[in-house]
Every structure is written in structure tokens, then in C-alpha cells.
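Engineer: In the working numbering, the protein residues as written are 486 to 1215. Quick reminder that beta carbons are idealized off the backbone N, C-alpha and C, glycines included. Keep in mind the model is a prediction, meaning the values are calculated, not measured.
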Amino acid sequence: PDLDVEPFMKLWHLCDPEQEQPSSPELTLCPGQGKLELVQFHPTSSDLLAVSTSKSVLIWDTSRRDAPLAGSNKSLSHCLTDTSTRGVAVVPKLALDVMSCEVMRVLQLTDSCIVPISYQVPRKEFHEDLYPDTVGTTPAMSAVEWWGGGNKQFRHIQGAVMHRNTHITNMRGLNLTTPGECDGFCVNRERVAVPLAISGGQIAIFERSQPGRVPDTALPTIQNSVNVVDFCWDPFDTQRLAVAGDDAKIRLWRVPKGGLTETLTEPELILQGHTEKIYSIKFHPLASGLLVSSSYDLTVRLWNLDSREQVKLLSGHEDQIFGMAWSPDGKLLATVCKDGKVRIYDPRKSTTPIQEGPGPEGPRGARVVWVCGGKYVLVSGFDSRSERGLYLYSADSLSSGTIATTQVDVSPSTLIPFYDPDTSVVILTGKGDTRVHIYEIVPEEPYLIECSSFNSPEPHKGLVFLPKTECNVRDVEIAVGLLLTKASIEPVAFRVPRVKKEFFQDDIYSDTAVWWEPALTASAWLSGSNGQHKKISLKPKDMTPVSEAPKEAPVRKYLPSSVYLEEKTDEQKKEELLSAMVAKLGNMDDPLPQESFQGVDEDEWAKYIAQIIVMGAQVVGRAFARALQQEFAASQAAARARGSAGQQSAAASSITGMSLQEAQQILNISNLNPEEVQKNYEHLFKVNDKSVGGSFYLQSKVVRAKERLEEELSIQSQQQKQQSDQNTET
């Protein structure tokens, strides 16, 4: 190309292949800042284009055909740099500071450094209209899947602590140091059981129907008389609690309907058989009255609660048994052991394992859970370097080792998994953690897909989950858990963000198992029978499945970038400032601003709607110096203009730099009167105080207006005195 020709770029709007393509561009842009090097559209904002030249980084709104957004008196300032630009890249959306309303960050590559350039909308806190749901960093599918015609969308999951009126607070004397094999506390649809750190192995029972502050008075408890090592609710009986003690006994307690009204000291059943302290206990998922326990005596025992006797004794473990889990169909039992082995038992056919495989190498602890309909076994544990990780096995071939592994983080506590079979999502956290990890498990590569995590404000002591029926499907909740802190229990909802919440999301909510009803009795299962849970739909009668939602014509969901980035002219900003101050004088009895304050600070009305913050001391210093020079030059020009504007009463004061007319508009004064000036000044200064949602900028305007009017009053007084003296001489 001719070197004398100014660089330009053309935007073409292509038609469908079967239509004739346009012969001319839709838009031609001329940056005019040196050689054009790179262009890139914004990934989420429509019509927003970043342009890199050899001298600057520009932002264009291509929906506006008059000029680029960059430059003076346009919608968005641009950053002029002192060195040539060698490259530019947009920082991923997830890295933005959303609490500062940062909508874009660009990294500029120069000859010697990388300069971050931030674009912010001047607002307070987080604003949903600026941040629509954005894509994550985990791929939804592999290249092979896409090439084969796949078109998946990954599920994003958001965790949030529910409203405080659902919390149980002021809980005192909790036992927060339960053994690693224990979940820390347990819950069912009606009540929560929490161990207390007082003698006698006491457990407090809290009714979920009665949230709020726990009284300071003594609570009725369940007294086990020995230290509690593990406990769990009967899934088919919300009043029965099984408790394992360090005396090798299992006690079955019955909580009265409505909760405890007095301390319980006599269990309804005691199971004895283990010769050493018990590790953990688990109820059977399908058969009523069937319980399994593991112990320091390295045995696993099955108990028939109906006949009150031990019915099976499983052997084969060579060290501490970290965890146990029943298969979804209730036929098999998986265990993970400190001896480095994962085992699967078929208790009705053999007392020894039918499969063995290599488990996690770390000796700190582990948990096990069945996933993907029982086809796979997932183990959470530690590697030889004490890093926490997830290990996935095929249930048909444990001896082959893991088919997928992923390292999670470094922490001393064992990750406790909760698996939702309806969405194939596993939620994990450890006692004492602040982060809750979420993974989607699929029966093919890559098997373990990391989802967004949830962080609690303080370390929690346990996280347990409620039945699926407790989820609010109108808010697209896929799981609801209870978070135990040092003094409270807080519900946490895990939601999938969806746009059409008025429809039932039937792609997420498949029919769920009624696992709170038994499929068969313990004696039937022991005799060889099998069963399965009934299933129910979670769809409310008044909701239509999203798969049956009417198709709508595509519409623009979000406003164009010009709405957020458009800058007002100086006259518009001045007019809005004066209108805002005059409006505050409309009724002095109106409530103060903090009673209804939200949105943008008033001092920001007179600023740019979008600001560019250049991070880097050198760039900031030079930009600031240039701004001061420009401001000083503008002030000098304004002063020269005012000097020729006429009489003193109509011109700007040399002291305040404000005209008399402007001062009268600010204080809403039509006729100069000292009392009215003082009255309006005091009111405006008060309502614009920073502590009540105002700003120092507006207060300074009020002060300058008062000074200008007082100056004018003094001039008028002197003129009146001179006139009076002349009349006296005459």
C-alpha cells in the first residue's frame, strides 16, 4: 500500500452463502494513531471493538458510525502511551474486579513492559446489568466429540448462603473435633443432630422448623455416657438416630415428634459385637432396619435392627478402615483402607472382598462413594505428598487401578463427598475448609470436570445435604446443604443459572428417587431379594417444562455498549449537576438521601461515565501531569473569557471562579438575601455530606456558591454605602 495513505479498517456484514455478498463495507474506521496492528471484538459486549495501533489502544463502538469512542468529547477516553505498542490482549472476564465495576481490562505490550489498562463504570458494588453470565474455563467437550457432531453446554453451579432467617444461631459448646471418619453432624428432613463438647457424649437436637437464635438456657440432649465417634439418622425414620461410641457399642435413640423436651438417657436399642472402638456406621439405602459398622478390630459388621442381632461379619482389612459406601442398588459395599486398598464386598455371598485395587497412597484419611449409576467408584484421599485428590475406578475392575485422577489442593482434612445422582455432580469439602469443590462426573473422557466452587466466609466444621425434595426448583436449585460453623447452622443453596426460570428445567431435573421410603425389609434383603426406589417428578403443577417452552424470536438481551460507555458533553454534565442540586431544595422536609440511596454517587455525575485507569507508576504519573496541564490551560482560557465578559456582578469571581448566575442556580436563589443564602447553604451542605450518601465534590460546589453570593452581597453593600455617601454630600 501507499505509505502516504492513512491506515484504515473495513467492517463487512456477510450475508447467507446463497445470497449475493455486499460490494461495499458496512463501516470504514480510520484510527489515525499510527500503523494499525491488531483488532479484537469484545467477547460479551455487542459492537465493542479494541484496536491496537503503534501509538495507542483505542475502543470503538461500531454501532456508531460518526467516529471512534476514543478521543476528546467522545464516549470513552483512550490511553496514549509514550512507547510503541507491540501487542494487545483482553484479560478474561473472570479476572475482572466486578466489585469496582471493571468491565474490561486490556494488557498492552510495549518494548520493555506490559501495561494493564482498566475500563470501569463508576458505580458502587456489583451490578448485574454489567455482568451477564459468562462462560467458564472448563471445556464442555473434547475435539473428537465436537467433530462428531456434539453440541454440549457445561453446567455452571453457584453456591450461596440462604437468608439469615433460615439460620440456627447462638449454638454453644459444640464439639468441633469429631474423628475424621465422622461427618461432624447429620441432618434429615425434620431435624439436625450436633455433638456437644461436654462430658457424657451428649448430642443436641435442633428442629429445622424452628430456626433462629438458640436460647441461652440449658438444652435437653441425648446422653450416651461415652464419647461419640459417629452417628447418623435412619433414612426411613426421621425419629431414629444411631450413635456409635468409643466403647464399641451402637445405641439407637428415638427422638419424640416435635423434638426433644427432656434429656434422653436410655436408648431403645444397644448393639454389641465389636471388640474395639468403632470407626463409622451407615444405614442401608434400600432395606429398612439394616446397619453396617466398621471398627478398630478391622472388621465390618452388618446388623438387623428388627431382630437386634449381628447378621454378617466381613474381613480382609489390614489397617484402619477410612470409609464405607453402599452401591446405589444396595447389593455391594465398597471400603477404602489405610493399607492402601480399595475393596468391594458382596455381603450376602462372601465375607471376603470380591475385588481389590490400589487406593490412595497417603495415610491421612479417605472417603468413598459410588457414582454414575454404580458403574464407577470415586475415592477422595491423599497422595504420597499429602495433596488431596480424587481417584475414579471402574467398579468392574478395581485391580486395574484408576481410570482418572485429579489433584484438588493441599489441606490436612479429608474431603467429604456428596453425590447427586440426578445431575452426576459431586460436592466435596473438608472440616475446617472455607472452599467447597464441585465436579461433574461423566462416564467417558475426561471423567472428572471441575465446576465453579463455593467459598464460605469463615472455616466451616461440616457440610451435609438435605433430600432433593428440599430444593426450590423455581430457583433452579440442584442441592441444598447445611453448613456448620462454630456457633451456627446455615443453609446453602447450589443453583444452576438459567434465564427462563419461569419454566421447569426438565433437562436438569430428571425424576428423582424416593430414597426416604424403603424398597424392602432387612430380612427380605438378607434372604436374597433386591429392590429399587420409586421415582417422582419434582415439577410443580403450575410450571411448564422448558423443553415445551414456545420458541421466541431472538432479541437483543443486553443494551449496546454505548449505553454504558457514552460520555456527556460539558454542558450536559453542568446542567445535570445544577438540576440535581436545585432538586434537593424542592422540599427540605424530604428524607435524607441515605434512606433511598442506590446506584451512582452524585459526585460521579460530573465525571466520565467510563474511566480509564492506567496501572503503572510511570504511565499514571505522565497521564496525571498531562491532565493537570490541560486543566490549568482550560482554567486560564476560562479566566480570559470571563475577563471580557462584562461587569463584575455578571462575571465569574476571581476568588471562586464561579459566575453569579451559576451560584444563584446552585443555591436556588432568585433575589439576593443574606438569610435565604445562609438557609439554603446549610440545607444543601447537610444533605450532600459524605456520611449520608453525598459527596465532597457537591459540598465544595455549595461552599463556592455561598462564597460567590456573599462576595456579591458585599459588593452591593459597598455600592449602596458609596451611593449613600454621595447623597449625603449632595
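Is the beta carbon of G866 less than 9 Å from the beta carbon of T899?
Structural biologist: In contact: G866 and T899 (Cβ atoms closer than 9 Å).
Engineer: Mapping the DSSP letters down to three states, classify N1216 as helix, strand or coil.
Structural biologist: The structure shown does not extend to residue 1216, since the chain is modelled only from 486 to 1215, so the question has no answer here.
Engineer: Which first and last residues belong to the beta strand (DSSP E) in which W811 is found?
Structural biologist: First-last of the beta strand (DSSP E) with W811: I806 to W811.
Engineer: Starting from D922, follow the beta strand (DSSP E) in both directions and report where the run begins and ends.
Structural biologist: Residue identity differs from the one stated: residue 922 is His in this sequence, not Asp. Looking at the DSSP string, the run of the beta strand (DSSP E) that includes H922 is R920 to I926.
Engineer: Taking the DSSP output, what are the residues bridged to V864?
Structural biologist: Its beta-bridge partners are V853 and Y876.
Engineer: What did DSSP end up calling A1148 once you bin it into helix, strand or coil?
Structural biologist: Reduced to three states, the DSSP call for A1148 is helix.
Engineer: In whole angstroms, what is the alpha-carbon distance linking R739 and P1003?
Structural biologist: Going by the C-alpha atoms only, they are around 18 Å apart.
Engineer: Leaving aside the five residues before and after D905 along the sequence, list all residues of the same chain whose C-beta is less than 7 Å from its C-beta, in chain order.
Structural biologist: I963 and A964.
Engineer: With a cut-off of 8 Å on the beta carbons, I'd call P902 and V854 a contact; round off their distance for me.
Structural biologist: Confirmed, about 5 Å.
Engineer: Using a 10 Å radius around the Cβ and a threshold of 16 neighbouring Cβ atoms, would you call S1081 buried or exposed?
Structural biologist: Residue placement at S1081 is flagged as unreliable, the pLDDT there being 39, under the threshold of 50; a coordinate-derived value is accordingly withheld.
Engineer: Does DSSP put Y932 in a helix, in a strand, or in coil?
Structural biologist: Coil at Y932, not helix or strand.
Engineer: Measuring only the C-alpha atoms, how far is V583 from G697?
Structural biologist: So the two alpha carbons sit approximately 33 Å from each other.
Engineer: Let me make sure I understand the geometry here. Which of S773, F611 and F768 has the alpha-carbon closest to that of S779?
Structural biologist: The option with the nearest alpha carbon to S779 is F768.
Engineer: Determine contact between the segment 669-687 and the segment 991-998, defined as no fewer than three beta-carbon pairs at a distance below 8 Å.
Structural biologist: Not touching, per the Cβ criterion.
Engineer: From A1007, T908, A727 and P1030, pick the residue whose C-alpha is nearest to that of F670; which is it?
Structural biologist: F670 has its Cα closest to that of A727, out of A1007, T908, A727 and P1030.
Engineer: With distance defined between alpha-carbon atoms, name the residue in S569, T723 and R590 nearest to L579.
Structural biologist: Of the listed residues, the one whose Cα sits closest to L579 is R590.
Engineer: Alpha carbon to alpha carbon, what distance is there between L1194 and S1155?
Structural biologist: Each residue's Cα considered, the two are about 11 Å apart.
Engineer: In terms of residue numbering, what span does the alpha helix (DSSP H) encompassing P1159 cover?
Structural biologist: From DSSP, the alpha helix (DSSP H) with P1159 extends over P1159 to V1172.
Engineer: Ends of the alpha helix (DSSP H) at A1009?
Structural biologist: Where A1009 is concerned, the enclosing alpha helix (DSSP H) stretches over A1007 to L1011.
Engineer: Count the C-beta pairs between the segment 797-810 and the segment 1014-1025 that are closer than 8 Å, then say yes if the count reaches three, no if not.
Structural biologist: Segments in contact, no.
Engineer: How about Q724 and P741: are their beta carbons less than 9 Å apart?
Structural biologist: Going by C-beta atoms, Q724 is nearer than 9 Å to P741.
Engineer: In whole angstroms, give me the CA-to-CA distance for P952 and V977.
Structural biologist: Using only the alpha carbons, I get a separation of about 13 Å.
Engineer: In its own chain, which residues sit with a C-beta less than 7 Å from the C-beta of H652, not counting the 5 before and 5 after it?
Structural biologist: Answer for H652: P696, S973, I974 and E975, listed in chain order.
Engineer: Using DSSP with H/G/I as helix, E/B as strand and the rest coil, what is Q1133?
Structural biologist: Caution applies to Q1133, whose pLDDT of 42 falls short of 50 and renders its modelled position unreliable; the value that the coordinates give is listed next. The answer is coil: DSSP assigns Q1133 none of H, G, I, E or B.
Engineer: Hey, is C667 close to the ligand SAM, as in C-beta under 8 Å from one of its heavy atoms?
Structural biologist: Looking for the ligand SAM in the displayed structure turns up nothing, as the structure carries no ligands at all.
Engineer: Which partner residues of Y830 appear in the DSSP bridge assignment?
Structural biologist: L818.
Engineer: So, under 8 Å CB-CB, K860 and P928 are touching, yes? Tell me the CB distance rounded to an integer number of Å.
Structural biologist: Indeed, because the Cβ distance is near 6 Å, the residues count as touching under 8 Å.
Engineer: Quick check: G844 and S885, are their CB atoms within less than 9 Å of each other?
Structural biologist: It is not a contact, given that the beta carbons lie outside the stated cut-off.
Engineer: Helix or strand or just coil, what does DSSP make of D722?
Structural biologist: Note: D722 maps to strand in three-state DSSP.
Engineer: How many angstroms separate the CA atom of P664 from the CA atom of P897?
Structural biologist: Computed Cα separation, rounded: 13 Å.
Engineer: In terms of residue numbering, what span does the beta strand (DSSP E) encompassing L592 cover?
Structural biologist: It spans E587 to L594 - the beta strand (DSSP E) in which L592 sits, taken as one unbroken run.
Engineer: Relative to the C-alpha of T568, which residue among P1030, A1009 and V542 is closest?
Structural biologist: Out of P1030, A1009 and V542, V542 has the C-alpha closest to the C-alpha of T568.
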